[in-house]
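Per this note's numbering: the sequence shown = residues 42 to 503. All residues carry an ideal CB built from backbone N, CA and C; glycine is no exception.
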Amino acid sequence: MAKKLTCKSWAEPFKVKVVEPIKMTTKTYREKAAKEAGYNTFLLKSEDVYIDLLTDSGTNAMSDYQWAGMMLGDEAYAGSRNFYNLWDNIKKYYGFPYFVPTHQGRAAEHLISKILIKPGDYIPGNMYFTTTRQHQELAGGTFVDVIIDEANEPQNTHPFKGNVDLNKLDKLVKEVGAKKIPYISLAAPVNMAGGQPVSMANIIELESYAKKHGIKLWLDATRAVENAYFIKQREKGYEDKTIAQILKEMCSHFDGIWVSAKKDLLVNIGGFLATRNKHVYEEARNMVVVYEGLHTYGGLAGRDMEAMARGIEEMTNYDYIRSRIGQIEYFGKKLMEYNIPIVQPIGGHAVFLDAKRFLPHLKQIEFPAQTLAIEVYMDSGVRAMERGIVSAGRNKVTGEHNYPKLELVRFTLPRRVYTQAHIDVTFESIVSVYENRKKIKGLKMVYEPKYLRFFQARFDRL
Ligand code: PM9
Numbered sequence: 042m043a044k045k046l047t048c049k050s051w052a053e054p055f056k057v058k059v060v061e062p063i064k065m066t067t068k069t070y071r072e073k074a075a076k077e078a079g080y081n082t083f084l085l086k087s088e089d090v091y092i093d094l095l096t097d098s099g100t101n102a103m104s105d106y107q108w109a110g111m112m113l114g115d116e117a118y119a120g121s122r123n124f125y126n127l128w129d130n131i132k133k134y135y136g137f138p139y140f141v142p143t144h145q146g147r148a149a150e151h152l153i154s155k156i157l158i159k160p161g162d163y164i165p166g167n168m169y170f171t172t173t174r175q176h177q178e179l180a181g182g183t184f185v186d187v188i189i190d191e192a193n194e195p196q197n198t199h200p201f202k203g204n205v206d207l208n209k210l211d212k213l214v215k216e217v218g219a220k221k222i223p224y225i226s227l228a229a230p231v232n233m234a235g236g237q238p239v240s241m242a243n244i245i246e247l248e249s250y251a252k253k254h255g256i257k258l259w260l261d262a263t264r265a266v267e268n269a270y271f272i273k274q275r276e277k278g279y280e281d282k283t284i285a286q287i288l289k290e291m292c293s294h295f296d297g298i299w300v301s302a303k304k305d306l307l308v309n310i311g312g313f314l315a316t317r318n319k320h321v322y323e324e325a326r327n328m329v330v331v332y333e334g335l336h337t338y339g340g341l342a343g344r345d346m347e348a349m350a351r352g353i354e355e356m357t358n359y360d361y362i363r364s365r366i367g368q369i370e371y372f373g374k375k376l377m378e379y380n381i382p383i384v385q386p387i388g389g390h391a392v393f394l395d396a397k398r399f400l401p402h403l404k405q406i407e408f409p410a411q412t413l414a415i416e417v418y419m420d421s422g423v424r425a426m427e428r429g430i431v432s433a434g435r436n437k438v439t440g441e442h443n444y445p446k447l448e449l450v451r452f453t454l455p456r457r458v459y460t461q462a463h464i465d466v467t468f469e470s471i472v473s474v475y476e477n478r479k480k481i482k483g484l485k486m487v488y489e490p491k492y493l494r495f496f497q498a499r500f501d502r503l
């Protein structure tokens, strides 16, 4: 009997106009490349990678509308028209009156950390992010994790694992005093927890808590559109709102945001800081000329700002974001069919393998996630990223390794770049590594840089 249709599929609301060839290599070639790269996927040459799921940062495919905008770049040193186009769209979509462009997200993190943090301050947040915490520490602050416990449990299917635990926050406020807390650093969604969202209810609760204690509330809105999508899917009362309405409502609860435009905004470079606080704006507008460039370009070309302005218009399109997150869901569900241990619920920008359950015979100090990432590369040429003990770095006081509860490998989907067939090839490679997992040995670190070690550390096989 013929099979009956039980549900209808979605498809991407775009088609391919330009293609970029990618190289297929042999296993022997990849083993040599991995060794030369010190078994760190960040140190591989991109041309030696077949399917590049290292990051969704700056790896997006721009639309013809964005490329057309690139030709309208006004490269004046001061007062570029593209700066004003971008400003208009930041006001319209994020709802903040003031903004300062930066060359990427961490430059905005640098500015806001320098402006708000005094040495000895504490910055509570919903799980650390590598570059965010680094800038908070360099400004003399100490990051304190106040995320809910469920975020550290890969199999827990809580719909908003990015939420802040108000009791943990209150405990910190009581311990150190609100005066030592310049702002709450919220990320929505939470990258290191597996792309897990924060609910609007939690944001509203946080806002009222912060106001009551005279603490500012800032948002890392780098992937806020993905968070808005999950709110629409999972939170009562938001089903009928548009992604643009939810994004604006989210932002309305914050003093300001910093953004790496290389994600949601569908571009290859860019970042910004936006706020409703005139004093912070004036400080940032002045400081940006020291570190980035004039306040009307912040280290970017006029054409880059135009691409960002146009990316903002495309990022909240429902069919687009549904297909982006749908692609990741497709990937995650395939892995789950084969009992591959992944973080659940499936996140907004990536599928995260749980390396502790994938390679239970390895100790955390044998770098299971780093090992797994390079094993998958050697198997198929698919590149992923470690998000475990290497990324967590060292305790800034004791110098000991931080041992995070989550030891993950992130397979991140660039926006509008790969097809379902690329996902199938990736999934098959992960399954074949899983079938041979018992033979896999760990790594030892043989070179460790001082800052953000995961980018440049080198390893040897045990
Ligand atoms: N995220 C990522 O791959 C790129 C480099 S770090 C491995 O996930 C958040 C939530 C990010 C982020 C970068 C930045 C910094 C801030 N917040 O990379 O400097 O995910 O533009 O942004 C990366 P930039």
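| request: Give the range of the beta strand (DSSP E) segment to which residue 183 is assigned. | output: 183 to 186
| field | Burial state of residue 315, where buried means 16 or more other Cβ atoms lie within 10 Å | value | buried
| said: Using C-beta distances below 8 Å, list every residue in its chain close to residue 279, excluding the 5 sequence neighbours before and after it, in chain order. | reply: 241, 272, 273 and 287
| query | Below 8 Å between beta carbons: does that hold for residue 340 and residue 143? | reply | yes
| request: Taking residue 345 and residue 310 to be in contact with their CB atoms under 8 Å, please state how far apart those CB atoms are, rounded to whole angstroms. | output: 6 Å
| request: Output the distance between the C-alpha atoms of residue 442 and residue 284, rounded to the nearest integer angstrom. | output: 40 Å
| Any chance the stretch 155 to 163 sits against the stretch 377 to 395, with 3 or more Cβ pairs inside 8 Å? | Not touching, per the Cβ criterion.
| query | CA-CA distance, residue 49 and residue 334? | reply | 50 Å
| Any idea if residue 390 is buried or exposed, counting beta-carbon neighbours within 10 angstroms, 16 or more meaning buried? | buried
| Segment limits, alpha helix (DSSP H) that includes residue 76 | 68 to 77
| Own chain residues within Cβ distance below 6 Å of residue 80, not counting five before or after | 415, 484 and 500
| field | Three-state secondary structure (DSSP) of residue 312 | value | strand
| Hey, would you say the C-beta of residue 147 is under 7 Å away from at least one heavy atom of ligand 1? | Residue 147: yes, Cβ under 7 Å from ligand 1.
| task | Identify whether residue 260 lies in helix, strand or coil by the three-state DSSP scheme. | result | strand
| Spatial neighbours of residue 193 in its chain, beta-carbon cut-off 7 Å, leaving aside the 5 residues before and after | The beta carbon of residue 193 is closer than 7 Å to those of 446 and 447 in its chain, skipping five residues each way along the sequence.
| query | How many Å lie between residue 201 and residue 118 at the Cα? | reply | 44 Å
| Do residue 348 and ligand 1 come close, with the Cβ less than 7 Å from some heavy atom? | No heavy atom of ligand 1 is found nearer than 7 Å to the CB of residue 348.
| field | the stretch 357 to 373 touching the stretch 52 to 59, judged by at least three CB pairs closer than 8 Å | value | The stretch 357 to 373, when compared against the stretch 52 to 59, does touch it at the 8 Å Cβ threshold.
| Measuring from the CB of residue 154, is there a heavy atom of ligand 1 at a distance below 7 Å? | No, ligand 1 has no heavy atom inside 7 Å of this Cβ.
| request: Can you have a look at residue 491 and say buried or exposed, based on whether 16 or more other CB atoms are within 10 angstroms of its CB? | output: Burial is judged here by how many other beta carbons sit within 10 angstroms of a residue's own beta carbon; residue 491 has fewer than 16 and is exposed.
| said: Pull the bridge partners of residue 112 from the DSSP assignment, please. | reply: Bridge partners of residue 112: none, in fact.
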